[in-house]
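Below is one structure, written out as structure tokens; the observations come after it.
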Amino acid sequence: MQTFPVRDVRKETERNNRNMELETERLILRPWRESDAEELYELAKDPEVGPRAGWPVHTSRENSEEIIRNVLAAPETYAVIRKEDGRVLGSVGLKDLQLESYLDSDSRAELGYWIGRPFWGRGYMPEAAGRLVQHGFEDLKLERLICSYYEGNEQSRRVQEKLGFVPDHIQRDADVPLLGVKRTEYWQVLLRPMYLQNKTRRKNRMNYTESRYRICRREADGTVSAEIEFPELTRGNYRIVRVFAAPQWEGKGVREELLEMAVDRIRERGGSVSSADPAVQDWLNRHPAR
3 MQTFPVRDVR KETERNNRNM ELETERLILR PWRESDAEEL YELAKDPEVG
53 PRAGWPVHTS RENSEEIIRN VLAAPETYAV IRKEDGRVLG SVGLKDLQLE
103 SYLDSDSRAE LGYWIGRPFW GRGYMPEAAG RLVQHGFEDL KLERLICSYY
153 EGNEQSRRVQ EKLGFVPDHI QRDADVPLLG VKRTEYWQVL LRPMYLQNKT
203 RRKNRMNYTE SRYRICRREA DGTVSAEIEF PELTRGNYRI VRVFAAPQWE
253 GKGVREELLE MAVDRIRERG GSVSSADPAV QDWLNRHPAR
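For what it's worth, the working numbering labels the leading residue of the sequence shown as 3, then goes sequentially.
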């Protein structure tokens with residue numbers, strides 16, 4: 003009887019990950035280095051960072067160096083580095099990685115991430131985590147990603163929402179072992195077909211140009227074939243005043259695409275949105291901020 007060697011996926015991934023770098027427009031994702039300990043400590047000593055994600059504040063540079071060696075050195079765990087100045091912003095990783103083998107076709111992993119408070123609200127984490135999601139589905143050939151956030155962590159929830167994750171289940175009185183407490187934990191999931199569908203939608207959005215209060219689609223001759231305007235009437239309060247799609251876009255979801263993009267931008271800024279157009283307001287009512 004012919005036998006087949008069992009793949010040690012953990013060792014394979016560790017070897018492949020040792021020198022792996024991933025890149026986005028503004029960021030580089032690379033393995034953590036012990037020389038990052040000082041920057042890590044400056045971010046991780048903040049009580050508003052680690053406890054939100056379920057781990058305690060770092061107590062010293064030496065503590066951060068130890069965590070780099072024993073925790074952040076894990077396969078598929080990356081420091082998030084800003085290109086313009088080389089600063090460490092946070093971390094992203096895939097843990098509990100189960101790659102496909104002839105024994106198991108349900109390849110999967112859990113996405114985790116955090117970012118230092120000085121860099122909140124700039125879109126860095128959706129950019130970094132989105133690149134890792136792409137790596138997971140396209141390079142590692144995963145079929146499923148899971149992710150969670152604790153009750154009250156709205157920033158983390160919004161990151162997952164932007165990446166396309168959808169609710170899976172709620173775990174009440176979940177243990178947070180590193181903090182010795184219990185919390186309500188919200189689990190979300192992203193499957194390969196969902197990722198591919200979202201990728202197609204993102205490609206479609208590349209045809210749009212944006213300013214602070216306007217998103218439009220221009221054709222090759224320069225004419226505008228679709229447009230949405232959302233001025234800021236008072237601080238943090240936006241009003242959608244115009245949604246236009248030319249006849250060739252009827253039935254192709256362009257109006258909804260415009261609304262989704264505008265609402266995403268407004269909510270990224272922490273604003274609220276309304277419209278005097280009953281049809282638009284009805285759409286907003288059916289798509290509340292979660």
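C-beta atoms are modelled at their ideal positions from N, C-alpha and C, and glycine is treated no differently. As the structure is a computational prediction, the values presented were derived from the model and not from experiment.
Tell me which residue opens and which closes the beta strand (DSSP E) that residue i is part of.
{"i": "D175", "result": "V168 to V178"}
{"i": "G132", "result": "Where G132 is concerned, there is no enclosing beta strand (DSSP E), although the alpha helix (DSSP H) it sits in stretches over Y126 to Q136."}
Could you pull out every residue in the same chain whose Cβ sits closer than 6 Å to the Cβ of residue i, ignoring the five residues on either side in sequence?
{"i": "E229", "result": "C218 and F246"}
{"i": "R54", "result": "N155"}
{"i": "E50", "result": "R119"}
{"i": "W34", "result": "I70, L74 and A81"}
{"i": "F121", "result": "L91"}
{"i": "Q4", "result": "Confidence in Q4 is poor, its pLDDT being 38 and thus under 50, which makes the residue's placement too unreliable to answer from."}
{"i": "N72", "result": "none"}
For residue i, collect the residues of the same chain with a Cβ closer than 7 Å to its Cβ; drop the 5 residues on either side in sequence, then sort them by chain order.
{"i": "H171", "result": "W189"}
{"i": "S66", "result": "A39, L42, Y43, A46 and H60"}
{"i": "R17", "result": "In this predicted model, R17 has a pLDDT of only 44, less than 50, meaning its place in the structure is not dependable enough to derive any value."}
{"i": "D10", "result": "With a pLDDT of 43 at D10, under the threshold of 50, the modelled position of this residue cannot be trusted; read the value that follows with caution. Excluding residues within five positions, none has a Cβ falling inside 7 Å."}
{"i": "G166", "result": "L192, M196, Y197 and N200"}
{"i": "R185", "result": "Y152, E153, A176 and V178"}
Take residue i as the anchor and find which of the options has the nearest alpha-carbon.
{"i": "L96", "options": "A81, K85 and G88", "result": "A81"}
{"i": "R133", "options": "A222, V168 and E23", "result": "E23"}
{"i": "A46", "options": "M196, R32, G125 and V90", "result": "V90"}
{"i": "I30", "options": "K85, I70, R288 and I69", "result": "K85"}
{"i": "S276", "options": "L286, R267, R269 and A76", "result": "L286"}
{"i": "W57", "options": "R28, D177, E36 and R159", "result": "D177"}
{"i": "T236", "options": "I268, Q173 and S150", "result": "I268"}
{"i": "P77", "options": "G238, D266, T211 and G138", "result": "G138"}
{"i": "G125", "options": "S274, H289 and E270", "result": "E270"}
{"i": "N209", "options": "V168, V256, V183 and E36", "result": "V256"}
{"i": "S349", "options": "R28, H289, E64 and G52", "result": "Not covered by the structure: residue 349. The range shown for the chain is 3 to 292."}
If residue i and residue j are in contact, beta carbons under 8 Å, what's the gap, nearest whole angstrom?
{"i": "L112", "j": "Y152", "result": "The question names Leu, yet the displayed sequence has Glu at residue 112. Not really, about 14 Å apart at Cβ, beyond 8 Å."}
{"i": "S93", "j": "L74", "result": "6 Å"}
{"i": "Y240", "j": "E234", "result": "5 Å"}
{"i": "I83", "j": "R32", "result": "6 Å"}
{"i": "V282", "j": "L260", "result": "In fact, because the Cβ distance is near 10 Å, the residues do not count as touching under 8 Å."}
Give every residue of the same chain whose Cβ lies closer than 8 Å to the Cβ of residue i, excluding the five residues on either side of it in the sequence, and list them in chain order.
{"i": "A278", "result": "R241 and V243"}
{"i": "V161", "result": "Y115, M127, P128 and A131"}
{"i": "S109", "result": "Q100, L101, E102, L142, K143, L144, E145 and R146"}
{"i": "S1", "result": "Outside the modelled stretch of the chain, which goes from 3 to 292, sits residue 1, for which no answer is possible."}
{"i": "E36", "result": "E67, I70 and R71"}
Report yes or no: is there a C-beta of chain D within less than 7 Å of the C-beta of residue i?
{"i": "R244", "result": "Included in the structure is just one protein chain, with no chain D present."}
Starting from residue i, trace the alpha helix (DSSP H) both ways and give me its first and last residue.
{"i": "E163", "result": "E156 to L165"}
{"i": "N239", "result": "Not the alpha helix (DSSP H): N239 falls in the beta strand (DSSP E), residues N239 to I242."}
If you scan the region 13-66 from start to end, which runs of the alpha helix (DSSP H) of 4 or more residues do you find wholly inside it?
-> Fully enclosed alpha helix (DSSP H) runs of 4 or longer: 39-46 and 52-55.
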